[in-house]
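Colleague: Counting from 1, position 125 in the sequence shown corresponds to residue 125 in UniProt numbering; the numbering is continuous, with no gaps.
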Amino acid sequence: MWHVPQMAAILWDFGRRTPWLPRVRPYRTDLRVMTRITRAGWVRVLHDARGPAAFIARDGARIHALYVHPRAQGRGLGRTLLDDAKHAAPRLELWVAEANREARAFYDAQGFAEGQRSDGTGNDERLPDIQMIWQDERCAP
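Shown next, in the form of structure tokens:
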């Protein structure tokens, strides 16, 4: 639980650096949600010499969050977290903001394919988003 504030800081840093992403929740709410999902066992955190550097929040096949601290980007931490999730589940899905071109390219490079699109009514930010799906080829019908 000690890493929850550092995870939140990674999330908030992304929000500050992303002009198209509106701030829709109070910081306290983010901390409560991070605490809850950590207690539920959904979170895996990778550390570097300076502390938490990346985290994934996954409930079964559903990835709710994957963030890498700016100081650690480009070192394969996001790919490592995603590979771990792929080994744990034969199918993964997530929703990514349509405007988040970098994340979309990352997931595409990791073998995810577009499932469907929405107008954003199902997410807190009300931004159009895209469902991305990965299916283990060994388990595909």
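Ideal Cβ placement from N, Cα and C applies to all residues, glycine included.
Looking only at C-alpha atoms, which of Pro5, Gln135, Phe14 and Thr121 sits nearest to glutamine 73?
Modeller: The residue you call residue 73 lines up with position 73 of the sequence shown. It is Phe14.
Colleague: Could you have a look at phenylalanine 55 and say whether DSSP puts it in helix, strand or coil?
Modeller: In the sequence shown, the residue the question calls residue 55 occupies position 55. The answer is strand: DSSP assigns phenylalanine 55 an E or B state.
Colleague: In three-state terms, what does DSSP make of glutamine 135?
Modeller: Locating residue 135 in the sequence shown gives position 135, where the first residue counts as 1. In the structure shown, glutamine 135 sits in a strand (DSSP, three-state: E or B).
Colleague: Mind listing, in chain order, the continuous alpha helix (DSSP H) runs of no fewer than 4 residues lying wholly within the segment 93-138?
Modeller: As far as the segment 93-138 is concerned, its whole alpha helix (DSSP H) runs of at least 4 residues are 101-109.
Colleague: If distances are taken between C-alpha atoms only, which option among Arg126, Trp2, Pro70 and Ala85 comes closest to alanine 61?
Modeller: Taking the first residue of the sequence shown as position 1, residue 61 is located at position 61. Nearest C-alpha to alanine 61: Ala85.
Colleague: Taking the C-alpha atoms as reference points, what is the distance between glycine 122 and valine 24?
Modeller: Along the sequence shown, read from residue 1 onward, the residue named residue 122 stands at position 122. Along the sequence shown, read from residue 1 onward, the residue named residue 24 stands at position 24. About 14 Å.
Colleague: For leucine 92 versus isoleucine 63, is the C-beta distance shorter than 8 Å?
Modeller: Here residue 92 refers to the residue found at position 92 of the sequence shown. Here residue 63 refers to the residue found at position 63 of the sequence shown. In contact: leucine 92 and isoleucine 63 (Cβ atoms closer than 8 Å).
Colleague: Would you call the segment 102-109 and the segment 21-40 in contact, with 3 or more CB pairs under 8 Å?
Modeller: Counting Cβ pairs under 8 Å, fewer than three are found: no touch.
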